[in-house]
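A.B. asks: There's a structure below that I have some questions on.
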Amino acid sequence: MGIGQRFEERLGEEFGGDAGTRRVVARQARDLADSGQFRNHMDSELTTAVVVENLRDAPEGLALPEKWNWWMGALELAYGGYDRFRVVRWSGKSG
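Here is the structure:
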């Protein structure tokens, strides 16, 4: 089912953060899904459930963009080519 319209809402339910924080992570997730890179490496589609499951594995206490970057870092180490999907700038406020 991929990254649907409800994705940002689901990020908020699971991880909190303000609308801007959720929007920037959702944009990176959509860019990753659209690239086909995840599908090529994992032989499966990037879905909301896959993103949420992997972000739950991030260390406690990280803001949503940090959780995303943690996951992208793991994919970068394993496969390469995922640094371009990291969030490189956000306000740091995710209350």
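Residue numbering for the sequence shown follows our numbering, beginning at 12 and increasing consecutively. Virtual Cβ for every residue (Gly too), placed ideally from N, Cα, C. The structure displayed is predicted, hence computed values, not measured ones.
1) Could you tell me whether the Cβ atoms of TRP82 and LEU66 are closer together than 8 Å?
2) So, do the segment 26-41 and the segment 84-93 have three or more beta carbon pairs nearer to each other than 8 Å?
3) Please look up how many angstroms separate the CB atoms of VAL98 and ASN80, rounded, as I've assumed it's under 8 Å.
4) Would VAL35 pass as a contact of PRO76 if the rule is Cβ separation under 8 Å?
5) Looking at the unbroken alpha helix (DSSP H) that takes in ARG50, where does it start and where does it end?
C.D. replies: In short, the structure shows the following:
1) Taking the C-beta atoms as reference points, LEU66 is found nearer than 8 Å to TRP82.
2) With a cut-off of 8 Å, the segment 84-93 and the segment 26-41 do not count as touching, because too few Cβ pairs lie within range.
3) The pair is a contact, with the Cβ atoms about 6 Å apart (cut-off 8 Å).
4) Contact flag set, yes.
5) Per DSSP, ARG50 belongs to the alpha helix (DSSP H) from 48-53.
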